[in-house]
Amino acid sequence: MNNTIKLAVHGAAGRMGQRVVALASGADTVDDTSGFTVVGAIDHSSHPKIGQDAGVVAGVRSLDVPVSADWPEKAEVVIDFSLPEAFDACVARCVSAACPLVVATTGLSDQQKESLAEAAQTIPIVWAPSMSLAVNLSMRMAQQITKALRDVAGGVDIEILERHHRFKADAPSGTALKFGELIADAMNADDPVKHVHGREGHTGQRSRNEIGYHAIRVGDNPGEHTIVFGMLGEKIELNVAASNRDCYASGALAAAKWLMRGNDGGPMPAGLYNMFDVLGMADADA
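The following block contains the structure:
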């Protein structure tokens, strides 16, 4: 236990927070070697699960760690899977405690993104619109496909379809927007790339420098993205889909471990990192 990373989960009573607690506790692993000790399970003071054991709330064994609005003093790293409304207080707390932070909360405003960059001047932060390792590998693939096809005769049409559960509040997903951002950079177009969200009515002919987005909300879909590269006579579809939420939780835990593996044996230096850094692909040729 002494060699494990002391983890606090912000948003611990939510759907994703519960899965982070479950996987970090080692209860869902065969050999109980997750590498973490859950020392804090933080949520809003009005949450109905306040005071209950975080492990029991997560559907695993008792951890003797209650869901609480109070922050633990001994956390070495924090994973934030909460809501934009709770995000600012989480960042402020981590800065004041000099605690590394993994940000997995989506739907952040431009102002919150700016505050995140400011906080990263003081503490190390991993922030990505998706914690999924498969999604981030697919983003690199999408960049490479775009680069290879951008000058093909007749052009290539790129559309991004994303599917999520009915409870998701933002559309299109932050992951879809990140796919579009990376693809737009890889297009290297002379004219500005148009980001078109859905189509209706008499829209006219599709322009060359255009990326289309389509958000689908159905049932309990934990997340699926399809990138369509359409050419004259053929097409490529790059599809990445989650079968459950554990891929996001395990990716966040991988990011937390990476943050704690600085060259001097301590945390990484202050800075704003992403999942490409975690995967060792930050300098990969896109």
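Heads up: the sequence shown runs through residues 1 to 286, numbered per full-length UniProt numbering.
The beta-carbon is built from N, C-alpha and C at its ideal position, and this holds for glycine as well.
All of these numbers come straight from a predicted model, not from anything done at the bench.
Would you tell me roughly how many angstroms separate the C-alpha atoms of C99 and P66, rounded to the nearest one? Taking the first residue of the sequence shown as 1, we reach residue 99 at position 99. Taking the first residue of the sequence shown as 1, we reach residue 66 at position 66. If you take the alpha carbons of C99 and P66, they lie about 21 Å apart.
Quick check on DSSP: helix, strand or coil for S68? Position 68 of the sequence shown, counted from the start, is the residue given in the question as residue 68. Note: S68 maps to strand in three-state DSSP.
Helix, strand or coil: which one does DSSP assign to N239? Locating residue 239 in the sequence shown gives position 239, counting from the first residue. Of the three classes helix, strand and coil, the one that applies to N239 here is strand, per DSSP.
For A252 and P84, the rounded distance between their alpha carbons: As a working mapping, residue 84 is identified with position 84 in the sequence shown. As a working mapping, residue 252 is identified with position 252 in the sequence shown. Going by the C-alpha atoms only, they are around 17 Å apart.
Closest by C-alpha distance to G266, when choosing among A54, A89, P124: Counting from one through the sequence shown, the residue named residue 266 turns up at place 266. It is P124.
Extent of the continuous beta strand (DSSP E) to which G212 belongs: To locate residue 212, count along the sequence shown from 1; it is residue 212. Taken as a continuous stretch (DSSP letters only), the beta strand (DSSP E) holding G212 covers 210–217.
Residue 342 - containing alpha helix (DSSP H), residue span: Summary: the structure shown does not reach residue 342, with the chain confined to residues 1 through 286, and so no result is reported for it.
So, at 7 Å on beta carbons, what are the nonlocal neighbours of M281 in its own chain, with the 5 sequence-adjacent residues on each side left out? Within the sequence shown, the letter at position 281 stands for residue 281. Hits under 7 Å: R140.
Check whether the region 46–59 and the region 70–80 touch, using three or more Cβ-Cβ pairs below 8 Å as the test. Under the 8 Å Cβ criterion, the region 46–59 does not count as touching the region 70–80, having fewer than three qualifying pairs.
When you compare only the Cα positions, how much space is there between D157 and V103? What you label residue 157 is simply residue 157 of the sequence shown in a count that begins at 1. What you label residue 103 is simply residue 103 of the sequence shown in a count that begins at 1. Answer to the nearest angstrom: the Cα atoms are 32 Å apart.
S96 and C90 - do their beta-carbons sit closer together than 9 Å? Numbered from 1 along the sequence shown, position 90 holds the residue referred to as residue 90. Numbered from 1 along the sequence shown, position 96 holds the residue referred to as residue 96. No; because the gap between Cβ atoms is not below 9 Å, this pair is not in contact.
For V103, which beta-bridge partners are listed by DSSP? Looking up residue 103 in the sequence shown gives position 103. Answer by DSSP bridge pairing, in chain order: D80, W127.
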